[in-house]
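> Oh and the sequence shown: position 302 is 302 in the UniProt record's numbering, straight run, nothing missing. All residues carry an ideal CB built from backbone N, CA and C; glycine is no exception.
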Amino acid sequence: MIPFTKTIGFRLWLACAIAIIAPLGINIIWLNLDQYRSTVTSISNALRENAAFKANTLTQIVPLNIDVLSLFSDVLDLDAGIPDTPNVPLSNEMKKVFQGTYDEISLVKIFPNGNKIVVASSVPECLGENYNHKIDIPEGSSFLAALKQSAKNHEIFSVMQANLFDRKTQELQGVLYTTFSAENLLKDLLINKQDYLTVKTAILSKHGVILKASDPALYLHTVYPDVTKEEFCQVFLNDDPCPINLELSSLTLSPLEIGKNFYSFKIKNKEVWGCIEDVPNIDIAVLSYAKKEESFAPLWRRARMYTAYFFCVLLGSFIAFIVAKRLSLPIRKLATAMIESRKHINHPYTDDSLGFEINRLGHIFNAMVANLHKQQDLAKANFAIKESAQNALLLGEQAQQRLLPNTLPSYPHIELAKAYIPAITVGGDFFDVFVIGEGMASRLFLIVADASGKGVNACGYSLFLKNMLRTFLSSCSSLQEAIQKTSYLFYNNTKSSGMFVTLCVYCYHQAHNTMEYYSCGHPPACYLKPNGDTSLLFHPGMALGFLPEVSHINSKSFQPEPGSLFILYSDGITEAHNSSNEMFGDERLQSCIQTLKGKSAADAMQNLMLSVKTFVGNSHQHDDITLLVLKVLES
Numbered sequence: 001m002i003p004f005t006k007t008i009g010f011r012l013w014l015a016c017a018i019a020i021i022a023p024l025g026i027n028i029i030w031l032n033l034d035q036y037r038s039t040v041t042s043i044s045n046a047l048r049e050n051a052a053f054k055a056n057t058l059t060q061i062v063p064l065n066i067d068v069l070s071l072f073s074d075v076l077d078l079d080a081g082i083p084d085t086p087n088v089p090l091s092n093e094m095k096k097v098f099q100g101t102y103d104e105i106s107l108v109k110i111f112p113n114g115n116k117i118v119v120a121s122s123v124p125e126c127l128g129e130n131y132n133h134k135i136d137i138p139e140g141s142s143f144l145a146a147l148k149q150s151a152k153n154h155e156i157f158s159v160m161q162a163n164l165f166d167r168k169t170q171e172l173q174g175v176l177y178t179t180f181s182a183e184n185l186l187k188d189l190l191i192n193k194q195d196y197l198t199v200k201t202a203i204l205s206k207h208g209v210i211l212k213a214s215d216p217a218l219y220l221h222t223v224y225p226d227v228t229k230e231e232f233c234q235v236f237l238n239d240d241p242c243p244i245n246l247e248l249s250s251l252t253l254s255p256l257e258i259g260k261n262f263y264s265f266k267i268k269n270k271e272v273w274g275c276i277e278d279v280p281n282i283d284i285a286v287l288s289y290a291k292k293e294e295s296f297a298p299l300w301r302r303a304r305m306y307t308a309y310f311f312c313v314l315l316g317s318f319i320a321f322i323v324a325k326r327l328s329l330p331i332r333k334l335a336t337a338m339i340e341s342r343k344h345i346n347h348p349y350t351d352d353s354l355g356f357e358i359n360r361l362g363h364i365f366n367a368m369v370a371n372l373h374k375q376q377d378l379a380k381a382n383f384a385i386k387e388s389a390q391n392a393l394l395l396g397e398q399a400q401q402r403l404l405p406n407t408l409p410s411y412p413h414i415e416l417a418k419a420y421i422p423a424i425t426v427g428g429d430f431f432d433v434f435v436i437g438e439g440m441a442s443r444l445f446l447i448v449a450d451a452s453g454k455g456v457n458a459c460g461y462s463l464f465l466k467n468m469l470r471t472f473l474s475s476c477s478s479l480q481e482a483i484q485k486t487s488y489l490f491y492n493n494t495k496s497s498g499m500f501v502t503l504c505v506y507c508y509h510q511a512h513n514t515m516e517y518y519s520c521g522h523p524p525a526c527y528l529k530p531n532g533d534t535s536l537l538f539h540p541g542m543a544l545g546f547l548p549e550v551s552h553i554n555s556k557s558f559q560p561e562p563g564s565l566f567i568l569y570s571d572g573i574t575e576a577h578n579s580s581n582e583m584f585g586d587e588r589l590q591s592c593i594q595t596l597k598g599k600s601a602a603d604a605m606q607n608l609m610l611s612v613k614t615f616v617g618n619s620h621q622h623d624d625i626t627l628l629v630l631k632v633l634e635s
């Protein structure tokens with residue numbers, strides 16, 4: 001039996017499966033990639049915006065405290081300068097004025113030996129202390145702000161210091177040192193919930209130590225691997241803040257390609273994406289981060305849904321394959337029976353439970369096989385008939401060979417060319433070219449005729465008409481008389497058959513250089529002058545075979561110019577069809593004839609036939625094609 005893979009059902013299934021599964025798979029991959037890029041963009045924007053917002057919020061601390069501290073000199077009346085020894089009244093006044101604003105505000109005197117001694121403070125216990133370990137004098141900046149942590153309770157403080165200069169000499173005299181708790185401020189900054197993503201925040205020191213974070217597991221971790229213990233200890237407020245047996249733990253940051261300052265690291269073996277944003281005017285930075293698994297959860301859900309849908313389509317395709325294979329079984333059985341019958345194996349088709357219409361075709365096929373012998377007998381009879389028809393056709397070919405001139409006669413100052421292509425082996429068109437008379441009294445006759453019908457019958461009538469025309473043109477004094485006698489005789493012999501003929505007769509007389517013509521319903525010849533002008537030589541005569549006598553219409557004549565062309569043709573040229581069922585037509589014929597200016601009769605005939613052949617292409621020829629070309633040469 002024919003395998004399923006060699007059936008049209010399998011090819012249809014395969015084409016449908018490829019047409020559905022391939023675009024669907026490509027579309028799913030493209031959608032997932034697009035969703036991935038969109039998700040990455042959304043995550044990066046969320047992290048960047050959160051970091052920028054938190055950094056901007058922390059930045060507001062600096063201008064606020066600059067304004068407050070700038071009032072210090074005016075409120076405390078330091079025109080006399082910073083005292084050299086601890087000043088209790090000034091300390092009490094500072095405590096009274098700034099107790100609600102700062103946890104500590106101290107006035108530190110910088111002595112020539114570099115010591116930084118507290119001479120006034122809102123915290124009395126700090127009077128007289130040396131703040132060398134707490135205060136660094138930055139170069140190029142009169143104000144310093146930072147966040148530091150208490151080693152006792154991990155509370156975060158905002159530490160700010162403003163340099164105080166002598167108003168006259170502009171020499172540095174001291175520092176105004178302040179601290180206040182930033183816990184309430186940071187509490188609202190550490191977490192931010194969005195519609196689809198939880199963005200967390202961590203506060204970093206200038207050396208990358210995490211001071212505060214939404215995840216307690218990140219406390220005091222460093223984001224840079226090369227942080228020294230000394231740099232780490234700078235995040236604490238106390239005099240000796242570093243815990244004993246301190247182990248520096250650093251996060252392994254891997255740069256991400258989604259943008260600058262974007263990194264990947266792990267918290268408890270969970271990958272996290274983060275963005276670091278420096279806070280202007282403060283020695284801290286903000287780390288905005290989110291768990292990758294949580295951030296990409298909607299994408300993975302959508303990808304799983306797409307994948308499940310794709311596998312459902314694959315399953316449906318497999319089920320369709322099984323169903324198509326079973327449904328194709330009847331047609332495969334029928335095809336097998338046909339192949340075996342060709343090998344003369346008698347194996348009739350048997351019904352199938354799912355055959356339906358195929359079973360009916362099988363019954364028809366079985367009946368066809370049963371009638372095979374009868375058809376073979378009919379084929380033998382048809383062969384005999386065909387052989388008889390071929391014999392008749394051979395006789396027609398022989399008659400047509402006598403009907404058409406093998407060679408064209410020569411005539412003074414005239415060039416002639418011919419072409420004839422029958423639609424079938426024996427056609428109804430014919431032409432004739434002959435000379436009557438001798439010397440200057442000789443005349444050249446050109447005849448093109450088209451008999452209705454095709455085959456041997458039409459050829460016989462054409463042969464009969466040709467002989468009549470030659471006889472009457474030789475004996476009659478005018479074209480009109482010859483045509484009238486021919487029409488009468490032709491009608492009387494063909495009226496019972498319904499046969500009719502269109503024809504045109506052209507007569508050139510060299511003595512007078514005149515062209516006389518008469519047409520009986522035939523397409524007009526085309527006259528091409530040496531200057532390229534064309535005209536159709538119309539004549540109102542009627543086809544032969546309809547009436548016993550033609551109308552009394554005189555022939556027409558004129559004197560052609562030397563170098564002019566006459567193109568006589570049958571309607572097989574103008575009615576030639578191409579593959580679009582368009583006809584060659586009169587306009588296209590005249591356009592082609594205009595290109596024949598200056599050509600010989602043979603070249604003109606070849607060019608014109610080539611134009612028709614090019615137009616028709618491989619289309620079937622519906623009618624006989626007859627072409628005669630006459631060129632008048634210089635006398």
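Does the beta-carbon distance from residue 150 to residue 143 come in below 8 Å?
The answer is no: Cβ separation not under 8 Å.
> Where do the ends of the alpha helix (DSSP H) carrying residue 294 lie?
Residue 294 -> alpha helix (DSSP H) spans 292-295.
> Measure the alpha-carbon distance for residue 237 versus residue 134 and round it to whole angstroms.
In a straight line, the C-alpha of residue 237 is about 8 Å away from that of residue 134.
> Leaving out five residues on either side along the sequence, give the residues of the same chain with a beta carbon under 8 Å from the beta carbon of residue 409.
Excluding sequence neighbours, residue 409 sits near 416, 433, 434, 435 and 444.
> Whole angstroms is fine: what's the gap from residue 355's alpha carbon to residue 327's?
Distance between the alpha carbons of residue 355 and residue 327 is about 8 Å.
> DSSP three-state call for residue 593: helix, strand or coil?
Reduced to three states, the DSSP call for residue 593 is helix.
> Mind listing, in chain order, the continuous beta strand (DSSP E) runs of no fewer than 3 residues lying wholly within the region 199-260?
Fully enclosed beta strand (DSSP E) runs of 3 or longer: 210-213.
> Exposed or buried, what is residue 516 when buried is set at 16 or more other beta-carbons lying within 10 Å of its beta-carbon?
Residue 516 is buried by the Cβ-count criterion.
> Compare the Cα-Cα distances from residue 176 to each of 168, 190, 273 and 131 and report the closest residue.
Checking every option, the nearest Cα to that of residue 176 belongs to 131.
> What is the residue span of the beta strand (DSSP E) that residue 443 lies within?
Note, residue 443: beta strand (DSSP E), 443-451.
> Let me confirm a value: residue 161 is counted as buried when at least 16 other C-beta atoms fall within 10 Å, else exposed. Which label applies?
Counting Cβ neighbours within 10 Å, residue 161 comes out buried, since at least 16 surround it.
> Taking 8 Å as the threshold (C-beta atoms), are residue 262 and residue 248 in contact?
No, the Cβ-Cβ distance between residue 248 and residue 262 is not below 8 Å.
> Please report the distance separating the alpha-carbon of residue 184 from that of residue 210.
Approximately 18 Å between the Cα atoms of the pair.
> Taking the Cβ atom as the reference point for each residue, do residue 564 and residue 527 lie within a distance shorter than 8 Å?
Contact flag set, yes.
> Label residue 440 either buried or exposed according to how many other C-beta atoms from any shown protein chain fall within 10 Å of its C-beta, with 16 as the threshold for buried.
With fewer than 16 Cβ atoms within 10 Å of its Cβ, residue 440 is classed as exposed.
> Is the beta carbon of residue 510 sitting closer than 8 Å to the one on residue 555?
Cβ distance not < 8 Å, so residue 510 and residue 555 don't count as in contact.
> Helix, strand or coil, according to DSSP, for residue 363 in the structure here?
Residue 363 falls in the helix class under three-state DSSP.
> Considering only the alpha carbon of each residue, which of 126, 122, 172 and 154 lies closest to residue 139?
Measuring from the Cα of residue 139, the nearest candidate turns out to be 172.
> Assuming residue 250 contacts residue 222 (C-beta within less than 8 Å), just tell me the rounded distance between them.
Correct: roughly 4 Å between the Cβ atoms.
> Excluding the five sequence neighbours on either side, which residues of its own chain have a C-beta within less than 6 Å of the C-beta of residue 461, listed in chain order?
Around residue 461: 451 and 499.
> Roughly how many whole angstroms lie between the Cα atoms of residue 643 and residue 375?
This structure does not reach residue 643, given that the chain is present from 1 up to 635, and the question cannot be answered.
> By DSSP's criteria, residue 386 is part of a beta bridge. Which residues make up the other side?
Answer is none; residue 386 lacks a bridge partner.
> With a threshold of 8 Å, are at least 3 pairs of Cβ atoms found where one atom belongs to the region 286-299 and the other to the region 51-61?
Enough Cβ pairs lie closer than 8 Å, so yes.
> For the alpha helix (DSSP H) that residue 603 lies in, which residues bound it at each end?
Segment 601-616, the alpha helix (DSSP H) holding residue 603.
> Less than 6 Å between C-beta atoms, sequence neighbours within five positions excluded: which residues of the same chain meet that for residue 224?
The answer, listed in chain order, is 208.
> Tell me the start and end of each unbroken alpha helix (DSSP H) in the UniProt domain "HAMP" (325-377) that is at least 4 residues and wholly inside, in chain order.
Counting only runs of 4 or more, we get 329-342 and 357-370.
> Could you tell me the boundaries of the beta strand (DSSP E) in which residue 165 lies?
First-last of the beta strand (DSSP E) with residue 165: 156-165.
> Please state whether DSSP places residue 51 in a helix, a strand or coil.
Helix, per DSSP.
> Mind checking residue 87: buried by the 16 CB within 10 Å criterion, or exposed?
When all chains shown are included, residue 87 counts as buried.
> Excluding five sequence neighbours on each side, which residues of the same chain lie with their C-beta closer than 6 Å to the C-beta of residue 108?
So the list reads 116, 118, 131, 174, 175 and 177, once near-sequence residues are dropped.
> For residue 284, list the residues DSSP reports as bridge partners.
For residue 284, which the question treats as bridged, DSSP gives the partners 205.
> What's the call for residue 420, buried or exposed, on a 16-neighbour Cβ count within 10 Å?
Its Cβ being crowded by 16 or more others within 10 Å, residue 420 is buried.
> Of the choices 164, 152 and 127, whose alpha-carbon is the least far from that of residue 141?
Closest by alpha carbon: 164.
> Anyone know if the C-beta pair for residue 567 and residue 632 falls short of 8 Å?
Cβ atoms of residue 567 and residue 632: not closer than 8 Å.
> Starting from the C-beta of residue 536, find all residues in its chain whose C-beta is less than 7 Å away, skip the five residues before and the five after it, and write them out in chain order.
524 and 526.
> How many angstroms separate the CA atom of residue 34 from the CA atom of residue 217?
Each residue's Cα considered, the two are about 35 Å apart.
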